[in-house]
Every structure is written in structure tokens, then in C-alpha cells.
Amino acid sequence: MKLTAKTKQYSLGKACGCTKSLQGTCGINYRAG
Amino acid sequence: MYSLSNSEVVCVAYHTPSQSVVFLEGDSAEVWWRIYTANGDCEPALKYIRENGTFDGAEEGSRAVLTGFLEDLRRSNLVGEGSDRASIESCVSNGTDPTQNPELEIGQFMADHHVLYSLVLELTYRCNERCIHCYLPSDTRTVELTTLQIESLLREFADLGGLQLQLTGGELFVRKDILEILAIAKAHGFATSIISNLTLMNDSILAALADLRPRSVGCSIYGATAELHDSITTIKGSFDKSVRSLRALRSAGIPVVIKSPLLRSTAPHWREIERLAQDLDCEYQFDLSITAKNDGGLAPVSHRVEDSAALKDIFASRYYKLYAGEEPMSALTSPSPDAGLCGAGAAGLCISPDGTVRPCIGLNVPLGKWPETTLSEIWRTSKFFSEFGAIRLRDIEECRDCSDFVFCSRCPGAWHAEHGDFCKPTSYACKLAHTWADVQRGLAASRKGEER
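Each protein sequence line maps, in turn, to chains V and X. According to my numbering, the first sequence is numbered sequentially starting from 53. According to my numbering, the second sequence is numbered sequentially starting from 1491.
The structure is reproduced here in C-alpha cells:
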């Protein structure tokens, strides 16, 4: 059994995007088909 | 922890002071969940490993697996006392490649499994500022959910698997019960984001926020000077109050993002706002998509940045160098007409102050009214999710043959607010996409020229 917990840093800004909501929310189903 | 219909098990865990998130699958999720629910007692986790793993020496082998896993978790600050401040600051200041957004990956996973994962809760439409571009209805008087109702709503959200919560307004700190609401969010262990102008933040609210350990606090700042910022909020003294609170939040170790909707009068000064954010040790986010009001009013639209030179300056900045994996977006030549419109309702909902349920804060389409209809019922039965989710770019006449779609920060909610149709782009959305594409193509061409 192999157990892994890879942590990633999340960014609050550093990108353009909707300022009304959580960054990235609208990116779901967004760019790729 | 999520047990999905295909018997897949996953966990999402946040450590907000270090702005880190971990997504655990399968056995890793099972073991983490046992450690978490046993308040750090590892016996149930060991039992699971022994029963589900294959080892030469069951006891030694299972302990070695658990020890390695605990070391991973300790490095992630998910177990152990306190956290390594130096490594956290290093991680945060190095930032994250915005195209490698772990939260977006998790959101996409939840959307694929139709999990109600995030909730935007508009606590009030009342506000002590009067921003010239505000998208909220002109008449902000509305019935608001009570503290007890909010407690009940958030309990239902948690029971459905909700983890990400955004509390916003209006200005949420005008609510007399804001401390109680923050305590409810803490009790459920949500990864909570707060959006506020912070002018009403006092010591009690600061203490409650520090106790909540929110995922982030976002605050709109429109200029790096009081004169410019206050000209947008139309409230003298608002800049000084917001900045004072931003400093206090950062001193308390709370992650803060300065949000700047860029307007005609403020866009030329965006670099000064970026510098202010750096000076205040905050992250920075801006947005060109100024939308019509939720009630269809078009007053905010007149404040949009229309000047081509100003737009090109912004689109040439590092914020707009988009990549798809290793590939620059500008190098992509075959847009996919199979892309969906956006993520509205994909893994989350928005609740208006009176309990109206909508698919997104930006998309003003009512799906039902809480508490008359439960979140669960709306999430299970509303036809919106399948119908909206089925719309593809190829279904939109203006988008079908557009070669610049990868540069389009499209917001069907903004289109809907402006002319009542979420399948009809605004001319401004198209202008932004074409300008961004032109700038990026120009930059790519000059890079090729330099390489020769």
C-alpha cells in the first residue's frame, strides 16, 4: 500500500479573473472541450 | 471526505495559514479520514492499513507505511503542532503558477461528480460604500436570512459535502450578527473566503477572523491613493480605513488579496495598485469585466476601460501570459468548439440575502428559494445544471468560428445581465478577447524575431 499527500499552494490572485467570486470557479468546463 | 457513487473515496484538506491544499484519493483518503476523525489517534488508521495492505511483516510494514504518510502530512502542516513559518512564507512569496491552480482541479473533480462543493453566500445587499460601478440592484433593501436560518442553511450545505464557503455582500460587516456567522463557519470547518471593504472591521471582527483562519480575505482597492480610491467608493476616508484593516489582517497572518475591478479612471494606475499590494504583503487580482447591474441597469458599463492603449498595456502584462500545460495559449491554433460556457452551477451555488438560490454570483437566474426548497432538492432536480452544462461554444453564433476564444474571459452571467441572454456575448467581451489575442500574437511574433 502506498499513501501519498502531495500539498499544493493555492494562489489568491496573481491572475486576472472575476473579482466577484472565488478565483477559478468559472474556469470549470471552460477552456478545453 | 467524499464517498462517490463509483465507490471512489477522496478527501480535501486545507491548511490556510500556508495557503496550501491537499487532495487525497483512495487509501490515502481513507487513512487521513481515520486520523482526522480520531483526533490524531493513529490506531484506526493502522487497523485500516493492516486490513487492506499486503505486507511481509504486517505490524512493521503497516507502521512504516503510516510513518511515511504522517511525514508527508507533517510537511503539509496537516498534522503536528503549529507550522514552519519560514517555509510557509517562502511558499507564499514564491507564489503559484496561476495556470496550475489546484483549487480549479479539485473544483473540476467535484463538478464531474456533481458534488455541491462551494457556496457563495451574499449576507446582505446593504453597504456603507457607494461604488460608481456597483453591480448590485440600486434598491438594496431586501429581507435577509436570520442568524438561525443561516445556521440551518450552512448545516445543510455541510451535510451535502460543502467545503468552500464565500461570505460576501453588499458589505457583510454591516450585519449585527456577523460574529455569530463567522463562528458558525468555523464550527463547520469550511474553507471560508471573506469579501469585504474592511472599513467596518473592528478588533472583535479581527479576532473572529483570526480564530476562523479563513482561506482568504478579499478587499476591493481601486487606486493607490486615497483620492483615486475614494473617488470610486464616493466615501471620503474609505481608503485609509481599508488600508489600516489590510495591515492588521496581514499582521495576524491572514491571507489577503486586493481585488481591483479596473475602471476607465483607475486602469492607467494598475501598476501602482500592484505595488501597494506588494507593500502591504497582499496578493493582487484585477478584473476588466465590469458588468451591468443584476437588475439589468447599465450605469456601470459606462465605466469600462475602452481605450485601446490602456487595454494593450494591461494585456501585455505578466498576468495575461496564459499557458495550457507547457504550451503558450497564443500557440494554440485549433480552438475547441466543445468547450463549455463556464462553471456556473458546476460544483457550487450562490444564495442571495433573501434565500434565492442562483447558479453563480455572476449569473442572476433563480433556481429556487431556500428554505421553501432545500438545497438538496434544487441540486438534485433543477434542470438548469444539465441544460446549461450541455451548451457548447459551437452553439453560440458569435463564438462558433472565433479564432480568439482561448483569450475570452467569457462570463455568460455578464451577458445575461446586459441583454437578458446568457448565450449572447457582449461586444465588450469580444473586444477584450480580440485585444488580448492581438497583443499576445504581437509578443509571440517579436519573440520569434529575437530568436532568429
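Think of the CB as a built atom: it goes at the ideal place given N, C-alpha and C, for glycine as much as any other residue. All values derive from a computational prediction rather than experimental measurement.
>> For X/THR1846, which residues in the same chain have their Cβ closer than 6 Å to its Cβ, ignoring the five residues on either side in sequence?
In response: PRO1856, LYS1859.
> By the criterion of Cβ-Cβ separation under 9 Å, what are the contact partners of X/SER1735 in chain V?
Replying inline: Residues of chain V passing the Cβ test: none, with the nearest at roughly 16 Å.
> Is there contact between the stretch 1696-1712 of chain X and the stretch 1522-1533 of chain X, where contact requires at least three CB pairs shorter than 8 Å?
Replying inline: No, the stretch 1696-1712 of chain X does not touch the stretch 1522-1533 of chain X.
>> Taking only three categories from DSSP, how would you classify X/THR1630?
In response: Coil.
>> Using CA atoms only, rank isn't needed, just tell me which of X/ILE1671, X/TYR1615, X/LEU1611 is closest to X/GLN1654.
In response: Of the residues X/ILE1671, X/TYR1615, X/LEU1611, the one whose Cα lies closest to the Cα of X/GLN1654 is X/LEU1611.
> Any chance the stretch 1515-1526 of chain X sits against the stretch 1778-1785 of chain X, with 3 or more Cβ pairs inside 8 Å?
Replying inline: They do not touch, by the three-pair rule.
> So is X/ASN1784 in contact with chain C if we call contact Cβ pairs under 8 Å?
Replying inline: Going by chain labels, chain C is absent from the structure shown, which instead holds the protein chains V and X.
>> Rounded to the nearest angstrom, what separates X/ALA1806 and X/GLY1932 at their Cα positions?
In response: Between X/ALA1806 and X/GLY1932, the C-alpha separation is close to 9 Å.
> Who are X/LYS1749's beta bridge partners in DSSP?
Replying inline: As a beta-bridge residue in DSSP terms, X/LYS1749 pairs with X/SER1710, X/GLN1775.
> Just checking, does the stretch 1636-1650 of chain X make contact with the stretch 1678-1690 of chain X on the three C-beta pairs under 8 Å criterion?
Replying inline: As far as the Cβ criterion goes, the stretch 1636-1650 of chain X touches the stretch 1678-1690 of chain X, which means the pair count is three or higher.
>> Is there a C-beta anywhere in chain V that falls below 8 Å from the one on X/ILE1851?
In response: Judged by the 8 Å Cβ criterion, X/ILE1851 is in contact with chain V.
> What are the partner residues of X/GLY1743, as DSSP defines its beta bridges?
Replying inline: According to DSSP, residue pairing for X/GLY1743 in a beta bridge does not occur.
>> Can you pull the chain V neighbours of X/LYS1802, defined as C-beta to C-beta under 8 Å?
In response: By Cβ distance, chain V contributes nothing, its closest Cβ being about 14 Å from X/LYS1802, past 8 Å.
> Would you call the stretch 1883-1896 of chain X and the stretch 1626-1644 of chain X in contact, with 3 or more CB pairs under 8 Å?
Replying inline: With a cut-off of 8 Å, the stretch 1626-1644 of chain X and the stretch 1883-1896 of chain X do not count as touching, because too few Cβ pairs lie within range.
> Thinking C-alpha only, which one of X/GLN1598, X/ILE1748, X/THR1557, X/TYR1492 is nearest X/TYR1712?
Replying inline: The candidate whose alpha carbon is nearest that of X/TYR1712 is X/ILE1748.
> Given that a residue counts as buried once 16 or more other Cβ atoms are within 10 Å of its Cβ, and exposed if not, what is X/PRO1902?
Replying inline: Buried: at least 16 other Cβ atoms inside 10 Å.
>> At the level of alpha carbons, what is the spacing between X/ALA1800 and X/LEU1536?
In response: Answer to the nearest angstrom: the Cα atoms are 60 Å apart.
> Do the CB positions of X/TYR1774 and X/GLU1762 come within less than 8 Å of each other?
Replying inline: In terms of Cβ geometry, X/TYR1774 and X/GLU1762 do not form a close pair [threshold 8 Å].
> If X/LEU1736 sits next to X/CYS1772, beta carbons under 8 Å apart, how far is it from one beta carbon to the other, in whole angstroms?
Replying inline: About 6 Å separates the CB atoms of X/LEU1736 and X/CYS1772; that is less than 8 Å, so the two are in contact.
> Is X/ASP1891 closer than 8 Å to X/ALA1927 when the C-beta atoms are compared?
Replying inline: Annotated as distal: X/ALA1927 and X/ASP1891, with beta-carbon spacing of 8 Å or more.
> Is there contact between the stretch 1836-1855 of chain X and the stretch 1592-1609 of chain X, where contact requires at least three CB pairs shorter than 8 Å?
Replying inline: Contact holds: three or more Cβ-Cβ distances are below 8 Å.
>> Looking at X/LEU1467: is its Cβ nearer than 8 Å to the Cβ of X/LEU1778?
In response: Here chain X comprises residues numbered 1491 to 1942, so residue 1467 of chain X is not present and cannot be evaluated.
> Expressed to the nearest angstrom, what Euclidean distance is found between the alpha-carbon atoms of X/TYR1504 and X/LYS1676?
Replying inline: Using only the alpha carbons, I get a separation of about 13 Å.
> Can you list, in chain order, the residues of its chain whose CB lies under 7 Å from that of X/ALA1716, leaving out five sequence neighbours each side?
Replying inline: So the list reads PHE1729, ASP1730, once near-sequence residues are dropped.
> Is any beta-carbon of chain V found at less than 8 Å from that of X/GLN1768?
Replying inline: At a cut-off of 8 Å between C-beta atoms, X/GLN1768 does not count as an interface residue with respect to chain V.
> Between the stretch 1901-1930 of chain X and chain V, which residues of the former have CB atoms less than 8 Å from a CB of the latter, in chain order?
Replying inline: Correct list: CYS1901.
> Taking any Cβ of chain V, which residues in the stretch 1654-1680 of chain X have a Cβ under 9 Å from it, in chain order?
Replying inline: Answer set for the stretch 1654-1680 of chain X: GLN1654, GLN1656, THR1658.
>> With three or more beta-carbon pairs closer than 8 Å as the criterion, would you say the stretch 1691-1699 of chain X touches the stretch 1721-1728 of chain X?
In response: Under the Cβ criterion (8 Å, minimum of three pairs), the stretch 1691-1699 of chain X does not count as touching the stretch 1721-1728 of chain X.
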